[in-house]
Amino acid sequence: MCVLTHEPMEALCLTARDLACRRGERLLFRGLSLDLAGGEACHVTGPNGSGKSSLIRILARLLRPYAGKVEREGSIGLLDQTMALDEHLPLGRALAFWRGLDGAISGDALAQLGLSDLLDVPVRYLSTGQRKRAALARLLGQDARIWLLDEPLNGLDRDAVGMVETLVAEHIAQGGLALVASHQPIAVPGMSVLHLPDYAPGVPA
Amino acid sequence: MKVIATLLLRDLAQFLPGARRGNTLLPLLFFLAVAMLYPFAIGPNPNLLAATGGGVIWVAALLAAILPLDRLLAPDLESGFFDQWALRGIAEEAVVAVRLVAHWLSFGPFLMLAALPASALLGIDGETLATVELGLLAGTPGLAAIGIIIAAVTVGLRGGGAALSGLLVIPLAVPLLIFGAGSLSTGGEGGIALTAAISLVLVAIAPFAGGAAIRAAREG
Numbered sequence: 000m001c002v003l004t005h006e007p008m009e010a011l012c013l014t015a016r017d018l019a020c021r022r023g024e025r026l027l028f029r030g031l032s033l034d035l036a037g038g039e040a041c042h043v044t045g046p047n048g049s050g051k052s053s054l055i056r057i058l059a060r061l062l063r064p065y066a067g068k069v070e071r072e073g074s075i076g077l078l079d080q081t082m083a084l085d086e087h088l089p090l091g092r093a094l095a096f097w098r099g100l101d102g103a104i105s106g107d108a109l110a111q112l113g114l115s116d117l118l119d120v121p122v123r124y125l126s127t128g129q130r131k132r133a134a135l136a137r138l139l140g141q142d143a144r145i146w147l148l149d150e151p152l153n154g155l156d157r158d159a160v161g162m163v164e165t166l167v168a169e170h171i172a173q174g175g176l177a178l179v180a181s182h183q184p185i186a187v188p189g190m191s192v193l194h195l196p197d198y199a200p201g202v203p204a
Numbered sequence: 000m001k002v003i004a005t006l007l008l009r010d011l012a013q014f015l016p017g018a019r020r021g022n023t024l025l026p027l028l029f030f031l032a033v034a035m036l037y038p039f040a041i042g043p044n045p046n047l048l049a050a051t052g053g054g055v056i057w058v059a060a061l062l063a064a065i066l067p068l069d070r071l072l073a074p075d076l077e078s079g080f081f082d083q084w085a086l087r088g089i090a091e092e093a094v095v096a097v098r099l100v101a102h103w104l105s106f107g108p109f110l111m112l113a114a115l116p117a118s119a120l121l122g123i124d125g126e127t128l129a130t131v132e133l134g135l136l137a138g139t140p141g142l143a144a145i146g147i148i149i150a151a152v153t154v155g156l157r158g159g160g161a162a163l164s165g166l167l168v169i170p171l172a173v174p175l176l177i178f179g180a181g182s183l184s185t186g187g188e189g190g191i192a193l194t195a196a197i198s199l200v201l202v203a204i205a206p207f208a209g210g211a212a213i214r215a216a217r218e219g
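Chains A and B are the protein sequences, given in the same order.
Just so we're aligned: the first sequence equals residues 0 to 204 in numbering that gives the first Met the number 0.
Just so we're aligned: the second sequence equals residues 0 to 219 in numbering that gives the first Met the number 0.
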């Protein structure tokens, strides 16, 4: 249940009750509950195929859970393996499409992500790490209160990993909420950990 | 409103002829190529050409409308656009409706223009040409609507989706062809009116059918 805070900020929460997820014939996890409020971050861990991406998509309400339910208050920003940027357009114009829907992406954010020099480069020529950072720029421009990040560190160099950690830390410091699925360690102060294999069928709940 | 305008601008930049380095010109060129080849295949008998030319234009229009189907919705689902729109509360129905408008604008008016040189190649007289043009005006929105419904239904298929969607469109387009091309032989406005009626029904259904199909594909 969402608890109203007495701050002027709107109530922010992400709650899941007794979630179960089935892909094909396989039950990936069951009995999963979580309760996050503004200013909290959670790191979802687990090996490949344990259902991290499915959990993110269920929480974003893009996938129906096999059982259980999801409640949330607050706008959702999703970063996953897809970019949602037009491949044939220069990066600047590809981001401009989302700017038209979401509002401005500040020049500071682009500089922080190291994208200022890449705005004229067509998206399809970007490297793996640059693509990830471009998707992060889209996420920052959305100004969503709840961040759902699926493997945000994939393909990033060490500096960029540190930058993502800083971005997440700043986001929750500003009262935002973040749930990060990653098999890599991610250092954000005060982050709780949810280990998905603990909810796999066969493990006593 | 701003959302719709933003979506429409992006769609037009992608689908209008000349966009994406000319790929979008292919349906038009295909249409003209059919009109050009037909007299070679059937022989230069002017009476035969004039009698069948209008129907050929219709068949060529149908085939030209099928060509871009695999690029219509699938790339946006694969690259995550539909997910991001859903998170922002933009309904699939709205996206599909906008895409329908862009798809029709990308081939409908241009086919009507291309029907002018095609009619010269096929030796069609002015009166028949007027009927063909009116029929195309009434029928191409319906062709676009069928195309977008089929593109949405086949959106989750990997490989072979393009051929399958072509195969699925053809039977659905039969009523449009019967009344649209049929208006040529009867010379009547009745056929065109019926074509327009079918088009309207299809255009009204398309956003909802397409939206539901895209949501189903996302669950897969």
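Where is the CB? At the ideal position from N, CA and C, for every residue including glycine.
Nearest-angstrom Cα distance between residue i and residue j?
i	j	result
residue 189 of chain B	residue 134 of chain B	11 Å
residue 194 of chain A	residue 12 of chain A	20 Å
residue 179 of chain A	residue 217 of chain B	22 Å
residue 17 of chain A	residue 35 of chain A	15 Å
residue 66 of chain A	residue 59 of chain A	15 Å
residue 17 of chain B	residue 174 of chain A	47 Å
residue 170 of chain A	residue 193 of chain B	58 Å
residue 75 of chain A	residue 39 of chain A	15 Å
residue 87 of chain A	residue 22 of chain A	33 Å
residue 100 of chain A	residue 96 of chain B	17 Å
residue 162 of chain B	residue 106 of chain A	45 Å
residue 12 of chain B	residue 78 of chain B	17 Å
residue 58 of chain B	residue 138 of chain A	46 Å
residue 172 of chain A	residue 208 of chain B	44 Å
residue 32 of chain A	residue 79 of chain A	22 Å
residue 87 of chain B	residue 169 of chain B	36 Å
residue 123 of chain B	residue 201 of chain B	30 Å
residue 149 of chain A	residue 135 of chain A	11 Å
residue 82 of chain B	residue 83 of chain A	9 Å
residue 14 of chain B	residue 102 of chain B	7 Å
residue 197 of chain A	residue 57 of chain A	18 Å
residue 102 of chain A	residue 33 of chain B	47 Å
residue 215 of chain B	residue 91 of chain B	11 Å
residue 37 of chain A	residue 177 of chain A	9 Å
residue 201 of chain A	residue 54 of chain A	19 Å
Decide if residue i is buried, meaning its Cβ has at least 16 other Cβ atoms within 10 Å, or exposed.
i	result
residue 139 of chain B	buried
residue 130 of chain A	buried
residue 51 of chain A	buried
residue 37 of chain B	buried
residue 5 of chain A	Residue confidence is low: residue 5 of chain A scores 47 on pLDDT, short of 50, so the model does not pin down where it sits. Its coordinate-derived value is still stated next. Exposed, by the Cβ-count rule.
residue 1 of chain B	exposed
residue 140 of chain A	buried
residue 122 of chain A	buried
residue 180 of chain B	buried
residue 164 of chain A	buried
residue 185 of chain B	exposed
residue 197 of chain B	buried
residue 127 of chain A	exposed
residue 158 of chain A	exposed
Could you pull the DSSP bridge partners for residue i from this structure?
i	result
residue 194 of chain A	A/44
residue 69 of chain A	A/15
residue 28 of chain A	A/20
residue 146 of chain A	A/76, A/177
residue 36 of chain A	A/12
residue 121 of chain A	A/89
Verify whether the separation of the beta carbon atoms of residue i and residue j is less than 8 Å.
i	j	result
residue 26 of chain A	residue 19 of chain A	yes
residue 118 of chain B	residue 52 of chain B	yes
residue 191 of chain A	residue 41 of chain A	yes
residue 128 of chain B	residue 55 of chain B	no
residue 114 of chain B	residue 195 of chain B	no
residue 114 of chain A	residue 143 of chain A	no
residue 154 of chain B	residue 66 of chain B	no
residue 63 of chain B	residue 116 of chain B	no
residue 85 of chain B	residue 94 of chain A	no
residue 172 of chain B	residue 7 of chain B	no
residue 141 of chain B	residue 166 of chain B	no
residue 76 of chain B	residue 213 of chain B	yes
residue 146 of chain B	residue 31 of chain B	no
residue 145 of chain A	residue 73 of chain A	yes
residue 118 of chain A	residue 90 of chain A	yes
residue 147 of chain A	residue 183 of chain A	no
residue 205 of chain B	residue 144 of chain B	yes
Residue i CB to nearest chain D CB: under 8 Å?
i	result
residue 132 of chain A	Annotation note: the requested chain D is absent from the structure, which comprises protein chains A and B.
Q. Counting Cβ pairs, one atom from each stretch, are 3 or more of them under 8 Å apart for the region 107-121 of chain A and the region 98-111 of chain B?
A. no
Problem set entry | Inter-stretch contact at 8 Å, needing at least 3 Cβ pairs: the region 136-153 of chain B / the region 40-51 of chain B | no
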